[in-house]
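Read through the structure below, which is laid out as structure tokens, and then see the notes.
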Amino acid sequence: MKICIVGGVAGGASAATRLRRLDEKAEIVLFEKGEHISYANCGLPYYLGGTIRQRDSLIVTKPELLCKRFRVDVRTRNEVIRINRQEKKIVVRDLKSGTDYEESYDKLILSPGAGPKVPPLPGMHSDGVFTLRNVTDTYRIDDYLLENTPKTAVVVGGGFIGVEMAENLVDRGLSVTLVEYADQVIASLDPEMANILHRHLSEHGVNLMLGTGITGISRDSKGLHAGLTSGEEVDAGLVLLCMGVAPDSHLAKEAGLDLGVNGSIEVNEYYETSDPDIYAVGDAISVTHLVGQTKTLVPLAGPANKQGRTAAENALMGRKVKGSPVQGSSVLKVFDLTAASTGLNEKQLRQMGIPYKKTYVHPQSHASYYPGASPISMKMLFGDDGRILGAQAVGAKGVEKRIDVLAAVIRLGGTVYDLEQLELCYAPPYSSAKDPVNMLGYTAVNILNGDMPVFYAEEVSSLDPQTATLLDVSTPDEILMGTIPGFRSIPLDTLRENLNRLDPDIPVYVTCRVGLRGYLATRILLQNGFRAYNLSGGYRTYSLTGPYTAPAESQRLQSVPPHPAVPDAAKPNAGAAGNPVPPMKLLTVDACGLQCPGPIMKVSENMKTLKEGEQLCVQATDPAFASDIGVWCQRTGNCLIHTSCEKGIYQVVLQKGDTALHAAQCDLPSAGNDKTMVIFSQDLDKAIASFIIANGAAAMDRRVTMFFTFWGLNILRKPRKVSLKKTFMEKMFSGMMPRGSQKLKLSHMQMGGIGARLIRKLMKDKNVASLEELIASAQQNGVRIVACQMSMDLMGIRKEELIDGVEIGGVATFLGAAETSDTNLFI
């Protein structure tokens, strides 16, 4: 039998070697239009970043080896350009000579893969603009980097390749901007899990531009310029297009074979196409998802290898071996973090209409008392029957092995009840007696059994403090690092003696840092007659929910020497030349591996032993500690000197001292003179008054924050309609509201619009600036104008509809400004 294979790499090469192992006499011909038949396509970004140093390391199997060891007729630089199904022949073009020839086949296996998406926009093929698909592309990019030494790069697309390339270009010394049209990177993760990666990317210097697409690329003598849908333009020395892949199915289409999802090649469970003599495998085919039982695309090397093996058996032996459905198990390295997932995510379950429940846990990677433990944030989705539908995890260590376990349980049809009983390897350096996978099982079963009624972070905004008790059982030190607005504090260890302070007639919604103590509090409350609900994942999950906000420049981490080295800024005698600073005490504290609230408790305890001006160097493995410690310092009157990270260990240097003594040194916000305003109304006269006050305060050199919420958002709308995709309700809601300051009405004496026109004429006659001029003046004077994200979501208003210069924020943004203000106005 003669079998021809179109395309190498995972699917084609696997099929070729399996065919030879099954039949020593079969004639096997493999056609590959490129120079390489089997290469490490998943390792290409790491070669560009310098982790993989040798070019030869990218080549998995050379054509000569496949020819000699497996007696396969390998023809590189030979492209199959047409299939003649009636005569069972293919037309092949020899790219070296440019000649065409025919080759007959008994069976044909298609493994053409998928190609990078390149939109039909200006400049997509300019010099310095690249896609990354194969080894040849990698060499071209590497040569360009060596010859042109660009300082900046724009990566378009936040999928696996885009994120990996952003990291590796940073490692190579470039300043990187990552542009992603969606509101998150890595679509296989849900937004709150992706937010962990967003912060980590930002901390490591990647400029994230989410919710922004590209409109084109131009080039001049200064370099490349990427135009964005936001109207901005980003300069770059290099642009990488990583906008996803599309099935390379043109051969199949031209041959009249049936096509499936997004133009992919349709195959049955035996990988047969609509022609029984033609099989197809790899990234070009549509596959069935194990959990959702729907057709989808999963361009991953693992499934492609298995498909090639199965197709070979069916094509050669006629065994009718069924291919397995896929579940999309994947893993990704992002600087010091690992992200992995399997099954379906929450977005997909909603789209498919599959009912589900979910649970969040934040356990340590191994026993916390053994050095080096770090937290893993985990999310699991499951049905009412306990069937596991999907799982996601992000952390520094132990992530992929937990997702591998969950992937195996899903594959075998297991449930959350099985997770409770799984017996997994345990020793302090590797895990805990209760493995994180067990913890997912325990919490899921508690939810199903009613032992732990839960609520979720996205439901917090709908809770009414008048009809429910909102309770945070964290310690006082933890609450200093952040809490959910409106939640009252009763630490868990004092809850029993404070039950009389709670109203037994209304429900109690409980939170803590990660959900464990909230669960314990919920059990106490339930058994004392209260209706109680625990926030799944606690404050940590709540802080990850909602649109991502990039950290301030001061929160970005700096690489440091091996621990316990201390930054120069924290060393004694580090004052300006000629003004030596007296030697100060520096206390080093190891909080690595400690679970919440361990790190902050260590800080609090040791800070009490220091004198004014002495410093504390803390090492921890909890990323949340590193991001929240600044808030703790501000609220306790201490100074955050330095934050850094090296191989997953966060190091912060703090200085003891009150705000008045150290504000200049530590760049803490001033207090006592700032002004904050909540603009709730959309009335013209109130808007005018608001901006007159804001401009007056700014003229007195005061910092002013104006927080626009609900109807007040209409003051900030652009006067012209912006074309955007909206739901019916969003269109209806936003269409009924005034579009911009010119459409506002008076609160009194509107008189069918005459009043508003009259007040504007009076202002002009009296030489008073118009509202539009007042808004522009406020922006020029540095007034901070913030639009409430939650109100925008409720009212169907998008960022693109607001005037330029408006910041998007939440209640925490306002409260942060209010805490340093002596005047708070509600208008």
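Start counting the sequence shown at 0; every next residue gets the next number (numbering that gives the first Met the number 0).
Cβ atoms here follow ideal geometry from the backbone N, Cα and C, with glycine treated the same way.
DSSP state of residue i mapped onto helix, strand, coil
{"i": "F707", "result": "strand"}
{"i": "Y518", "result": "helix"}
{"i": "T486", "result": "Sequence inspection shows Phe at residue 486; the Thr mentioned does not correspond to that position. Of the three classes helix, strand and coil, the one that applies to F486 here is coil, per DSSP."}
{"i": "C511", "result": "coil"}
{"i": "Q788", "result": "helix"}
{"i": "C638", "result": "strand"}
{"i": "A432", "result": "coil"}
{"i": "L416", "result": "Reading the sequence as shown, one finds Tyr at residue 416 and not Leu. Looking at Y416 - three-state DSSP - the assignment turns out to be helix."}
{"i": "T309", "result": "helix"}
{"i": "R132", "result": "coil"}
{"i": "G215", "result": "strand"}
{"i": "K150", "result": "coil"}
{"i": "K655", "result": "coil"}
{"i": "R17", "result": "helix"}
{"i": "R171", "result": "coil"}
{"i": "M480", "result": "coil"}
{"i": "F159", "result": "helix"}
{"i": "D621", "result": "coil"}
{"i": "H288", "result": "strand"}
Rounded separation between residue i and residue j - CA only
{"i": "W631", "j": "D621", "result": "15 Å"}
{"i": "M438", "j": "S367", "result": "15 Å"}
{"i": "L639", "j": "E422", "result": "44 Å"}
{"i": "I409", "j": "M351", "result": "18 Å"}
{"i": "L227", "j": "V233", "result": "8 Å"}
{"i": "I802", "j": "K717", "result": "5 Å"}
{"i": "I45", "j": "E179", "result": "Checking the displayed sequence, the identity of residue 45 turns out to be Tyr instead of Ile. Roughly 21 Å between the two C-alpha positions."}
{"i": "R738", "j": "E800", "result": "9 Å"}
{"i": "R401", "j": "K332", "result": "15 Å"}
{"i": "A775", "j": "I714", "result": "12 Å"}
{"i": "V507", "j": "A193", "result": "30 Å"}
{"i": "Q347", "j": "L188", "result": "10 Å"}
{"i": "V444", "j": "L418", "result": "9 Å"}
{"i": "F727", "j": "L525", "result": "41 Å"}
{"i": "T293", "j": "S263", "result": "14 Å"}
{"i": "I796", "j": "K725", "result": "9 Å"}
{"i": "F813", "j": "R539", "result": "20 Å"}
Residues sharing a beta bridge with residue i, DSSP
{"i": "L761", "result": "According to DSSP, which records beta bridges pairwise, L761 is partnered with nothing at all."}
{"i": "N267", "result": "Answer is none; N267 lacks a bridge partner."}
{"i": "Q391", "result": "S340, K378"}
{"i": "S37", "result": "T60"}
{"i": "N830", "result": "The shown model of the chain, from 0 to 826, leaves out residue 830, and the question about it has no answer."}
{"i": "N533", "result": "V453, V509"}
{"i": "N83", "result": "K88"}
{"i": "A113", "result": "P246"}
{"i": "D93", "result": "N77"}
{"i": "Q363", "result": "P374"}
{"i": "E806", "result": "V785"}
{"i": "H124", "result": "H124 pairs with nothing; no bridge assigned."}
Pair within 8 Å by beta-carbon distance, residue i and residue j
{"i": "V169", "j": "V175", "result": "yes"}
{"i": "N852", "j": "V453", "result": "In the structure as shown, the chain starts at 0 and stops at 826, and residue 852 therefore has no counterpart that could be examined."}
{"i": "L107", "j": "D276", "result": "yes"}
{"i": "R76", "j": "K32", "result": "yes"}
{"i": "Q306", "j": "G322", "result": "yes"}
{"i": "V90", "j": "I36", "result": "no"}
{"i": "I387", "j": "G413", "result": "yes"}
{"i": "N167", "j": "L29", "result": "no"}
{"i": "V153", "j": "A235", "result": "yes"}
{"i": "G114", "j": "V244", "result": "yes"}
{"i": "I489", "j": "I678", "result": "no"}
{"i": "A186", "j": "L177", "result": "no"}
{"i": "Y143", "j": "G127", "result": "yes"}
{"i": "A619", "j": "L593", "result": "yes"}
{"i": "G385", "j": "V415", "result": "yes"}
{"i": "L609", "j": "K655", "result": "yes"}
Report task. Say whether the stretch 349-365 touches the stretch 395-413, bearing in mind that this needs 3 or more beta-carbon pairs closer than 8 Å, one atom from each stretch. Result -> Contact annotation: the stretch 349-365 touches the stretch 395-413, with at least three C-beta pairs closer than 8 Å.
Query raised in the report: Does the stretch 100-118 touch the stretch 198-210, meaning 3 or more C-beta pairs lie closer than 8 Å?
Result: Judged by Cβ distances under 8 Å, the stretch 198-210 makes no contact with the stretch 100-118, as fewer than three pairs qualify.
Report task. Count the C-beta pairs between the stretch 485-494 and the stretch 466-476 that are closer than 8 Å, then say yes if the count reaches three, no if not. Result -> Yes, the stretch 485-494 touches the stretch 466-476.
Report task. Please confirm if the stretch 3-15 is in contact with the stretch 277-284, defined as three or more CB-CB distances below 8 Å between the two stretches. Result -> By the criterion of at least three beta-carbon pairs nearer than 8 Å, the stretch 3-15 is in contact with the stretch 277-284.
Query raised in the report: If we count Cβ pairs, one from each stretch, closer than 8 Å, do we get three or more for the stretch 777-784 versus the stretch 692-709?
Result: Segments in contact, yes.
Query raised in the report: How do the stretch 427-437 and the stretch 475-486 stand: do at least 3 beta-carbon pairs fall below 8 Å, yes or no?
Result: No: the two stretches stay apart, fewer than three of their Cβ pairs being nearer than 8 Å.
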